[in-house]
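Q: So the protein sequences, as listed, match chains A and B.
Residue 130 in this note's numbering is what sits at position 130 of the first sequence, and the numbering runs on without skipping anything.
Residue 132 in this note's numbering is what sits at position 132 of the second sequence, and the numbering runs on without skipping anything.
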Amino acid sequence: MNARAFVFSLLLAGFAAPASAQEVAPDVLVKGISNEVLEIIRKDKDIQSGNTRKIVDLVETRVLPHFNFNRMTAYAVGVNWRRASSEQQKLLVDEFKTLLVRTYSTALSSYKNQVIDFKPLRAQTADTEVKVRSEIRQSGAQAVTIDYSMEKTVSGWKVFDVEVGGVSLVANYRETFTNEIRSVGIDGLIKTLASKNKQLEAKT
Amino acid sequence: MNMNAKGMRVSGCAIFALALALAVLSGCATTASNPRDPIEGFNRAMFGFNEAVDRAVLKPVAEGYRAVLPAPVRTGVTNFFGNIEDLWIAVNNVLQGKVVDGVQDLLRVAVNTVFGIFGVIDVASDMGMQKHNEDFGQTLGKWGVGNGAYVVMPFFGPSTVRDVGGRMVDMYVDPVVNEGNIPLRNTAVALRTIDLRANLLDASSVLEQAALDKYTFVRDAFLQRRRNLIYDGNPPPEPRAALDADEQPLSAAAPAEVAVAAAVPVVPPVQAVPDAAVAETPVAEATTPVIYTMFADGVALKTPNAVPEPSPTTAVRFADNVVLQAK
Numbered sequence: 001m002n003a004r005a006f007v008f009s010l011l012l013a014g015f016a017a018p019a020s021a022q023e024v025a026p027d028v029l030v031k032g033i034s035n036e037v038l039e040i041i042r043k044d045k046d047i048q049s050g051n052t053r054k055i056v057d058l059v060e061t062r063v064l065p066h067f068n069f070n071r072m073t074a075y076a077v078g079v080n081w082r083r084a085s086s087e088q089q090k091l092l093v094d095e096f097k098t099l100l101v102r103t104y105s106t107a108l109s110s111y112k113n114q115v116i117d118f119k120p121l122r123a124q125t126a127d128t129e130v131k132v133r134s135e136i137r138q139s140g141a142q143a144v145t146i147d148y149s150m151e152k153t154v155s156g157w158k159v160f161d162v163e164v165g166g167v168s169l170v171a172n173y174r175e176t177f178t179n180e181i182r183s184v185g186i187d188g189l190i191k192t193l194a195s196k197n198k199q200l201e202a203k204t
Numbered sequence: 001m002n003m004n005a006k007g008m009r010v011s012g013c014a015i016f017a018l019a020l021a022l023a024v025l026s027g028c029a030t031t032a033s034n035p036r037d038p039i040e041g042f043n044r045a046m047f048g049f050n051e052a053v054d055r056a057v058l059k060p061v062a063e064g065y066r067a068v069l070p071a072p073v074r075t076g077v078t079n080f081f082g083n084i085e086d087l088w089i090a091v092n093n094v095l096q097g098k099v100v101d102g103v104q105d106l107l108r109v110a111v112n113t114v115f116g117i118f119g120v121i122d123v124a125s126d127m128g129m130q131k132h133n134e135d136f137g138q139t140l141g142k143w144g145v146g147n148g149a150y151v152v153m154p155f156f157g158p159s160t161v162r163d164v165g166g167r168m169v170d171m172y173v174d175p176v177v178n179e180g181n182i183p184l185r186n187t188a189v190a191l192r193t194i195d196l197r198a199n200l201l202d203a204s205s206v207l208e209q210a211a212l213d214k215y216t217f218v219r220d221a222f223l224q225r226r227r228n229l230i231y232d233g234n235p236p237p238e239p240r241a242a243l244d245a246d247e248q249p250l251s252a253a254a255p256a257e258v259a260v261a262a263a264v265p266v267v268p269p270v271q272a273v274p275d276a277a278v279a280e281t282p283v284a285e286a287t288t289p290v291i292y293t294m295f296a297d298g299v300a301l302k303t304p305n306a307v308p309e310p311s312p313t314t315a316v317r318f319a320d321n322v323v324l325q326a327k
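(1) In whole angstroms, give me the CA-to-CA distance for Val68(B) and Lys43(A).
(2) Would you say Thr193(B) reaches chain A, if we count a Cβ-Cβ gap shorter than 8 Å as a contact?
(3) Counting only C-beta atoms, is Lys196(A) closer than 8 Å to chain B at any point?
(4) Which residues in the same chain have their Cβ closer than 8 Å to the Cβ of Pro235(B), if we skip the five residues on either side of it in sequence?
(5) So is Asn35(A) buried or exposed if we call it buried at 16+ other beta carbons inside 10 Å?
(6) Looking only at its chain, what residues have a beta carbon closer than 6 Å to the beta carbon of Asp147(A), apart from the 5 residues adjacent to it on each side?
(7) Mind checking which residues open and close the alpha helix (DSSP H) that includes Ile230(B)?
(8) Within the continuous alpha helix (DSSP H) that includes Arg108(B), where are the two ends?
(9) By Cβ distance below 8 Å, which residues in the same chain neighbour Thr193(B) in space, the five residues on each side in sequence not counted?
(10) Starting from the Cα of Ser110(A), find the closest Cα among Gln88(A), Ile136(A), Asp127(A) and Glu129(A) and give me that residue.
(11) When we look at the beta-carbon of Thr125(A) and count the other beta-carbons within 10 Å, is it buried (16 or more) or exposed?
(12) Of all Cβ atoms in chain B, is any one closer than 8 Å to the Cβ of Leu132(A)?
(13) For the stretch 23–35 of chain A, enumerate the residues whose C-beta is nearer than 8 Å to any C-beta of chain B, in chain order.
(14) Are the CB atoms of Thr139(B) and Asn178(B) nearer to each other than 8 Å?
(15) Answer with yes or no whether the minimum CB distance from Val206(B) to chain A is below 8 Å.
(16) What in chain A is Cβ-close to Ala221(B), meaning under 7 Å?
(17) Between the stretch 168–177 of chain B and the stretch 84–104 of chain B, do at least 3 Cβ pairs fall closer than 8 Å?
(18) Using a Cβ cut-off of 9 Å, pull out every chain A residue sitting near Phe217(B), in sequence order please.
(19) Can you give me the Cβ contacts of Gln96(B) inside the same chain, cut-off strictly under 6 Å, excluding the 5 residues immediately before and after it?
(20) Please list the terminal residues of the continuous beta strand (DSSP E) segment that includes Met153(B).
(21) Cβ closer than 8 Å: which chain A residues qualify as neighbours of Lys131(B)?
(22) Leaving out five residues before and five after Phe156(B) in sequence, what residues of the same chain have Cβ atoms less than 6 Å from its Cβ?
(23) How would you label Pro158(B), buried or exposed, when you count the other beta carbons within 10 angstroms and need 16 or more for buried?
(24) Identify the contact partners of Ser33(B) in chain A, using a Cβ-Cβ distance below 7 Å as the criterion.
(25) For Trp157(A), list the residues DSSP reports as bridge partners.
(26) According to DSSP, which residues form a beta bridge with Gly157(B)?
(27) Could you check the C-alpha separation between Trp81(A) and Tyr173(A) for me, to the nearest Å?
(28) Scan the stretch 84–142 of chain A and note each continuous alpha helix (DSSP H) run of 4 residues or more that stays entirely inside, going in chain order.
(29) Any beta carbon of chain B sitting closer than 8 Å to that of Arg102(A)?
(30) What are the start and end residues of the alpha helix (DSSP H) that includes Ala56(B)?
(31) Return no unless some Cβ of chain A is closer than 8 Å to the Cβ of Pro235(B).
(32) Just the Cα atoms here: how many angstroms apart are Ala194(A) and Ala84(A)?
(33) Tell me the residue span of the alpha helix (DSSP H) that contains Lys203(A).
(34) Check the Cβ-Cβ distances between Leu200(A) and every residue of chain B, and say whether any is below 8 Å.
(35) Check Ser49(A) in the structure and name its three-state DSSP category.
(36) Just checking, does the stretch 99–106 of chain A make contact with the stretch 192–211 of chain B on the three C-beta pairs under 8 Å criterion?
Structure follows, in structure tokens:
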């Protein structure tokens, strides 16, 4: 990096800092994004009729930037994460991200105008990790809770785990990943994830 | 008629007993990679059976049901059975010491039965009385009864030893199962089952996509979910020991390393316990990382050859972690 670029990046950082000083509170952020995304789904006939490509795009542009996939993948892989080379870690993150985006998109496409309630955030201003709680009301059954575990980063609050009905998505992959690594190694797990993603891609 | 109802219950019990007996037997012959699932071999077989039944019968019927009946009608069916269920939920809430919740459940039944046309419309939810999720297995859990082993029951699916017991009590008092008019009872049980499956169609398609190994995914989700339900949505952090058990450190047993381990008669030096012993005693589990790390780093291969003959299980464990089968 030459000196001019360095100075320029410093300037950029200087401009970015004040913006993050008045950052969005985590619950406001999640609420805003989910309202925005659901509003788009409600209006988009293509998505309602099952256009997966379009909904994946929506998730990638609106939702993805607010997730910390590095941390999610590290948690899901567990102790083996430290044994993975940085190249392997990168591949794991990429494949896991693709799988989660795909899964999340499918879940979203079955959304039908249910009411989503956000509960008041129980957190101190100094907290760097919070849990944003919400629930989807449905008739004739207990509401489904969706909790977002979030951490404070320099670029705003990021989600690092989602719990649906008390089931942590990240924790739920841990056993599978551990088993997979035990039998076929880290590269084997990467291959398994990649072929799973290819298979899902082929279906659309 | 009552005899018949009893008969059905007895045969239901017989199935459970048979399943448990099978489970215990097969438990001897399967691996226990997860301490919470000691009868994984049996469970996987049952899971496969349930999946086959679902694919062949239940899922197609539920899809047909969803295609034929409009959403409001299906919601009415769900609400109707949910209203009957609320009675037992109220009892369980009281048994768990949550009297206020129990009273609310009873109010729900009263309101929904009177104003909701025998429970078909869930008026109470609109009035702010939220539905709860309770059963006798949760009550037992609240009373301090541990999960016990994970068990996949034929037809009923994922459960635990405690929840199998809980479910038997649930069924014993279930007004639908105990209905004296047999054709009516059978129709009601069938309708309730199909409606339940239809409500899960979206979830099961998400599951198909999300899971690498569906059996493990369903098991771990089920165990997490039950724990969450017992604590009514606010479980304490998982005890450290349980997490450690999930994180049995294992090196990436790359095929090359396995081949080497199998071919070269080398066993880790004295301070590392031979693997066969490790497999037998859970206490010694803590020493496994040493062995694996050594193999991973190639250190073990440099050790002097003045070491005992390796047991065949060593190599097998590296290959597949199926120590018990190799014995």
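Beta carbons: idealized from backbone N, C-alpha and C, even for Gly.
Note that this is a predicted model, so its numbers are computed, not measured.
A: Walking through what the data contain:
(1) Sequence index remark: in the second sequence, residue 68(B) carries index 68 (1-based). Sequence index remark: in the first sequence, residue 43(A) carries index 43 (1-based). Roughly 26 Å between the two C-alpha positions.
(2) As a first step, residue 193(B) is located in the second sequence; it is residue number 193 there, counting from the start. So no, Thr193(B) is outside the interface.
(3) Locating residue 196(A) in the first sequence gives position 196, where the first residue counts as 1. Yes - at least one Cβ of chain B is within 8 Å of the one on Lys196(A).
(4) Residue mapping note: residue 235(B) aligns to position 235 of the second sequence, counting from 1. Result list for Pro235(B): Arg227 and Asn228, in chain order.
(5) Here residue 35(A) refers to the residue found at position 35 when the first sequence is read from its first residue. Asn35(A) counts as exposed, since fewer than 16 other beta carbons sit within 10 angstroms of its beta carbon.
(6) As a working mapping, residue 147(A) is identified with position 147 in the first sequence. For Asp147(A), where only same-chain residues beyond five positions count, the Cβ hits under 6 Å are Lys131, Arg133 and Glu163.
(7) As a position in the second sequence, residue 230(B) is number 230, starting the count at 1. Its alpha helix (DSSP H) spans residues Lys214 to Ile230.
(8) Locating residue 108(B) in the second sequence gives position 108, counting from the first residue. Secondary structure note for Arg108(B): its alpha helix (DSSP H) is the uninterrupted segment Val99 to Val114.
(9) Residue mapping note: residue 193(B) aligns to position 193 of the second sequence, counting from 1. Cβ neighbours of Thr193(B) within its own chain (closer than 8 Å, five residues either side excluded): Leu58.
(10) Start at 1 with the first residue of the first sequence, and residue 110(A) comes out as number 110. Nearest C-alpha to Ser110(A): Ile136(A).
(11) To locate residue 125(A), count along the first sequence from 1; it is residue 125. So Thr125(A) counts as exposed.
(12) Along the first sequence, one-based indexing puts residue 132(A) at 132. A small fix is needed here, since residue 132(A) is Val in this sequence, not Leu. No, its Cβ sits nowhere closer than 8 Å to a Cβ of chain B.
(13) Under the 8 Å Cβ criterion, the stretch 23–35 of chain A contributes no residue.
(14) Position 139 of the second sequence holds residue 139(B). Position 178 of the second sequence holds residue 178(B). Taking 8 Å as the Cβ cut-off, Thr139(B) and Asn178(B) do not qualify as a contacting pair.
(15) Indexing the second sequence from 1 puts residue 206(B) at position 206. Val206(B) counts as touching chain A.
(16) Here residue 221(B) is taken as the residue at index 221 of the second sequence, counted from 1. Within chain A, the residues near Ala221(B) are Val167 and Asn172.
(17) The stretch 168–177 of chain B, when compared against the stretch 84–104 of chain B, does touch it at the 8 Å Cβ threshold.
(18) Taking the second sequence and counting its residues from 1, one reaches residue 217(B) at position 217. Contact annotation for Phe217(B) against chain A: Asn172, Tyr173, Glu175 and Thr176 [CB-CB distance below 9 Å, chain order].
(19) Sequence index remark: in the second sequence, residue 96(B) carries index 96 (1-based). Same-chain partners within the cutoff: Thr139 and Lys142.
(20) Taking the second sequence and counting its residues from 1, one reaches residue 153(B) at position 153. Segment Tyr150 to Met153, the beta strand (DSSP E) holding Met153(B).
(21) Counted from its first residue, the second sequence places residue 131(B) at position 131. Simply Gly140, Ala141, Gln142 and Ala143.
(22) Position 156 of the second sequence, counting from 1, holds the residue named residue 156(B). If we look at Phe156(B) and ignore the five residues flanking it on each side, it has no Cβ neighbours.
(23) Translated into positions along the second sequence, residue 158(B) becomes position 158. With 16 or more other CB atoms across the displayed protein chains lying within 10 angstroms of its CB, Pro158(B) is buried.
(24) To locate residue 33(B), count along the second sequence from 1; it is residue 33. Within chain A, the C-beta atoms nearer than 7 Å to that of Ser33(B) come from Asn179, in chain order.
(25) As a first step, residue 157(A) is located in the first sequence; it is residue number 157 there, counting from the start. Note: Trp157(A) sits in a beta bridge opposite Lys152(A).
(26) Taking the second sequence and counting its residues from 1, the one referred to as residue 157(B) is at position 157. Met153(B).
(27) Here residue 81(A) refers to the residue found at position 81 of the first sequence. Here residue 173(A) refers to the residue found at position 173 of the first sequence. Cα to Cα, Trp81(A) sits roughly 13 Å from Tyr173(A).
(28) Taking only runs of at least 4 residues, the alpha helix (DSSP H) segments lying wholly in the stretch 84–142 of chain A are 86–109.
(29) Along the first sequence, read from residue 1 onward, the residue named residue 102(A) stands at position 102. Closer than 8 Å: yes.
(30) Position 56 of the second sequence, counted from the first residue, corresponds to residue 56(B). Per DSSP, Ala56(B) belongs to no alpha helix (DSSP H) and is neither H nor E.
(31) Taking the second sequence and counting its residues from 1, one reaches residue 235(B) at position 235. Closer than 8 Å to some Cβ of chain A, the Cβ of Pro235(B) qualifies, so yes.
(32) By 1-based counting over the first sequence, the position of residue 194(A) is 194. By 1-based counting over the first sequence, the position of residue 84(A) is 84. Straight-line Cα distance between these residues: approximately 17 Å.
(33) What you label residue 203(A) is simply residue 203 of the first sequence in a count that begins at 1. No alpha helix (DSSP H) contains Lys203(A), which DSSP labels as neither H nor E.
(34) Counting from one through the first sequence, the residue named residue 200(A) turns up at place 200. For Leu200(A), the answer is yes, since a Cβ of chain B falls inside 8 Å of its Cβ.
(35) Numbered from 1 along the first sequence, position 49 holds the residue referred to as residue 49(A). In the structure shown, Ser49(A) sits in coil (DSSP, three-state: anything other than H, G, I, E or B).
(36) Output reads yes: the stretch 192–211 of chain B touches the stretch 99–106 of chain A.
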